[in-house]
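Please read the structure below before turning to the comments.
Numbering (full-length UniProt numbering), first residue to last: 1 to 161.
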(Lines of atoms letter the chains of each structure in order from A and count residues from 1; the text may use other names and numbers.)
(Lines give C-alpha, C1' and ligand atoms only; values in the text may rest on other atoms or scores of the structure.)
Protein backbone atom coordinates (compact mmCIF):
# COMPACT_ATOMS: atom_id res chain seq x y z
CA UNK A 1 0.00 0.00 0.00
CA UNK A 2 1.39 3.41 -0.95
CA UNK A 3 1.00 6.66 0.99
CA UNK A 4 -1.95 7.79 -1.14
CA UNK A 5 -3.84 4.58 -0.38
CA UNK A 6 -2.88 4.90 3.30
CA UNK A 7 -4.28 8.43 3.44
CA UNK A 8 -7.77 7.00 3.04
CA UNK A 9 -10.72 9.25 2.22
CA UNK A 10 -8.48 12.34 2.03
CA UNK A 11 -7.11 11.07 -1.29
CA UNK A 12 -10.51 10.24 -2.80
CA UNK A 13 -10.13 12.71 -5.66
CA UNK A 14 -6.60 11.49 -6.41
CA UNK A 15 -7.69 7.86 -6.43
CA UNK A 16 -10.72 8.56 -8.65
CA UNK A 17 -8.47 10.45 -11.05
CA UNK A 18 -6.01 7.55 -11.06
CA UNK A 19 -8.83 5.09 -11.79
CA UNK A 20 -10.21 7.35 -14.52
CA UNK A 21 -6.80 7.71 -16.17
CA UNK A 22 -6.28 3.93 -16.15
CA UNK A 23 -9.68 3.32 -17.74
CA UNK A 24 -9.07 6.02 -20.37
CA UNK A 25 -5.61 4.66 -21.20
CA UNK A 26 -6.88 1.11 -21.51
CA UNK A 27 -9.92 2.31 -23.48
CA UNK A 28 -7.67 4.13 -25.94
CA UNK A 29 -5.55 1.01 -26.38
CA UNK A 30 -8.66 -1.11 -26.90
CA UNK A 31 -9.81 1.23 -29.68
CA UNK A 32 -6.34 0.83 -31.24
CA UNK A 33 -6.63 -2.98 -31.07
CA UNK A 34 -9.81 -2.65 -33.14
CA UNK A 35 -8.09 -0.18 -35.51
CA UNK A 36 -10.35 2.69 -34.46
CA UNK A 37 -8.89 6.20 -34.44
CA UNK A 38 -10.70 7.52 -31.39
CA UNK A 39 -9.79 9.35 -28.19
CA UNK A 40 -11.83 8.41 -25.09
CA UNK A 41 -12.18 12.11 -24.22
CA UNK A 42 -14.37 12.49 -27.32
CA UNK A 43 -16.83 9.87 -26.11
CA UNK A 44 -19.34 12.11 -24.27
CA UNK A 45 -19.87 14.38 -27.29
CA UNK A 46 -19.99 11.58 -29.88
CA UNK A 47 -22.31 9.45 -27.76
CA UNK A 48 -24.60 12.41 -27.04
CA UNK A 49 -24.88 13.39 -30.70
CA UNK A 50 -25.51 9.74 -31.58
CA UNK A 51 -28.59 9.80 -29.34
CA UNK A 52 -29.60 13.45 -29.82
CA UNK A 53 -28.63 14.21 -33.43
CA UNK A 54 -28.78 18.02 -33.48
CA UNK A 55 -27.79 20.09 -30.44
CA UNK A 56 -26.41 23.53 -29.67
CA UNK A 57 -23.08 24.00 -27.90
CA UNK A 58 -24.90 24.93 -24.68
CA UNK A 59 -27.13 21.85 -24.92
CA UNK A 60 -24.12 19.56 -25.44
CA UNK A 61 -22.29 21.15 -22.49
CA UNK A 62 -25.37 20.57 -20.34
CA UNK A 63 -25.81 16.96 -21.51
CA UNK A 64 -22.19 15.99 -20.82
CA UNK A 65 -21.81 18.09 -17.66
CA UNK A 66 -18.74 19.98 -18.88
CA UNK A 67 -18.03 23.70 -18.78
CA UNK A 68 -18.71 25.71 -21.92
CA UNK A 69 -14.95 26.27 -22.62
CA UNK A 70 -14.15 22.54 -22.18
CA UNK A 71 -17.00 21.64 -24.49
CA UNK A 72 -15.85 24.15 -27.12
CA UNK A 73 -12.36 22.65 -27.01
CA UNK A 74 -13.70 19.13 -27.59
CA UNK A 75 -15.99 20.32 -30.37
CA UNK A 76 -13.08 21.99 -32.18
CA UNK A 77 -11.10 18.75 -32.08
CA UNK A 78 -14.04 16.74 -33.37
CA UNK A 79 -14.68 19.24 -36.18
CA UNK A 80 -11.00 19.08 -37.18
CA UNK A 81 -11.29 15.27 -37.27
CA UNK A 82 -14.43 15.74 -39.41
CA UNK A 83 -16.53 13.67 -37.00
CA UNK A 84 -19.00 16.49 -36.35
CA UNK A 85 -20.19 19.50 -38.30
CA UNK A 86 -21.88 22.72 -37.32
CA UNK A 87 -24.56 24.80 -38.91
CA UNK A 88 -26.27 28.03 -37.94
CA UNK A 89 -29.63 27.73 -36.24
CA UNK A 90 -32.36 28.94 -38.63
CA UNK A 91 -34.24 30.59 -35.75
CA UNK A 92 -31.25 32.17 -33.97
CA UNK A 93 -28.26 32.71 -36.29
CA UNK A 94 -25.95 33.38 -33.33
CA UNK A 95 -26.44 29.77 -32.26
CA UNK A 96 -24.43 26.88 -33.71
CA UNK A 97 -26.07 23.49 -34.02
CA UNK A 98 -23.88 20.41 -34.13
CA UNK A 99 -24.41 17.00 -35.67
CA UNK A 100 -22.38 13.95 -36.58
CA UNK A 101 -20.93 13.83 -40.06
CA UNK A 102 -21.24 10.71 -42.23
CA UNK A 103 -17.72 9.87 -41.04
CA UNK A 104 -18.82 10.28 -37.42
CA UNK A 105 -21.83 8.03 -37.97
CA UNK A 106 -19.64 5.39 -39.66
CA UNK A 107 -17.26 5.56 -36.71
CA UNK A 108 -20.10 4.83 -34.29
CA UNK A 109 -21.07 1.75 -36.31
CA UNK A 110 -17.48 0.56 -35.98
CA UNK A 111 -17.36 1.34 -32.25
CA UNK A 112 -20.64 -0.30 -31.19
CA UNK A 113 -19.15 -3.81 -30.85
CA UNK A 114 -16.28 -2.34 -28.80
CA UNK A 115 -18.79 -0.53 -26.59
CA UNK A 116 -20.52 -3.86 -26.01
CA UNK A 117 -17.23 -5.37 -24.93
CA UNK A 118 -16.53 -2.38 -22.68
CA UNK A 119 -19.95 -2.69 -21.04
CA UNK A 120 -19.21 -6.33 -20.18
CA UNK A 121 -15.78 -5.53 -18.76
CA UNK A 122 -16.87 -2.44 -16.80
CA UNK A 123 -19.88 -4.29 -15.40
CA UNK A 124 -17.52 -6.96 -14.10
CA UNK A 125 -15.13 -4.37 -12.63
CA UNK A 126 -17.80 -2.37 -10.77
CA UNK A 127 -19.77 -5.41 -9.63
CA UNK A 128 -18.28 -5.77 -6.21
CA UNK A 129 -19.52 -5.74 -2.65
CA UNK A 130 -20.35 -2.02 -2.74
CA UNK A 131 -21.00 -1.63 -6.51
CA UNK A 132 -18.82 1.26 -7.60
CA UNK A 133 -21.28 2.55 -10.21
CA UNK A 134 -24.12 2.75 -7.68
CA UNK A 135 -21.80 4.46 -5.20
CA UNK A 136 -20.72 7.03 -7.81
CA UNK A 137 -24.36 7.77 -8.68
CA UNK A 138 -25.18 8.26 -5.00
CA UNK A 139 -22.15 10.52 -4.41
CA UNK A 140 -22.97 12.64 -7.48
CA UNK A 141 -26.57 13.00 -6.30
CA UNK A 142 -25.41 14.21 -2.87
CA UNK A 143 -23.08 16.74 -4.50
CA UNK A 144 -25.91 18.02 -6.72
CA UNK A 145 -27.90 18.85 -3.57
CA UNK A 146 -24.97 20.48 -1.78
CA UNK A 147 -21.46 20.77 -3.17
CA UNK A 148 -18.24 19.89 -1.39
CA UNK A 149 -17.28 23.52 -0.76
CA UNK A 150 -20.73 24.42 0.55
CA UNK A 151 -20.60 21.45 2.94
CA UNK A 152 -17.14 22.49 4.12
CA UNK A 153 -18.20 26.10 4.71
CA UNK A 154 -21.27 24.93 6.63
CA UNK A 155 -19.13 22.66 8.86
CA UNK A 156 -16.60 25.45 9.34
CA UNK A 157 -19.37 27.73 10.53
CA UNK A 158 -20.95 25.09 12.76
CA UNK A 159 -17.62 24.14 14.34
CA UNK A 160 -16.53 27.74 14.87
CA UNK A 161 -13.34 27.69 12.80
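Here a beta-carbon is modelled for each residue, glycine too, at the ideal position from N, C-alpha and C.
- With contacts defined as CB atoms closer than 8 angstroms, residue 57 and residue 96 qualify as a contacting pair.
- Residue 98 has its alpha-carbon roughly 42 angstroms from the corresponding atom of residue 5.
- Distance check between residue 102 and each of 31, 50 and 72 places 50 closest, using alpha-carbon atoms only.
- Each residue's CA atom was taken as its position, placing residue 145 and residue 131 some 22 angstroms apart.
- If you draw a 10 Å sphere on the C-beta of residue 71, you find 16 or more other C-beta atoms in it, and that means buried.
- Taking 3 residues as the shortest admissible run, the UniProt domain "HTH marR-type" (9-154) contains the following complete beta strand (DSSP E) segments, listed from N- to C-terminal end: 84-88 and 96-100.
- Secondary structure of residue 157 (DSSP, three-state): helix.
- Comparing alpha carbon positions, the residue from 44, 77 and 122 closest to residue 63 is 44.
- Three or more Cβ pairs closer than 8 angstroms define a contact, and the region 71-84 meets that threshold against the region 27-45.
- Excluding sequence positions up to five before and after residue 89, its CB lies within less than 8 angstroms of the CB of 56, 95, 96 and 97, all in the same chain and listed in chain order.
- Ranked by Cα distance from residue 119, the first of 53, 107 and 133 is 133.
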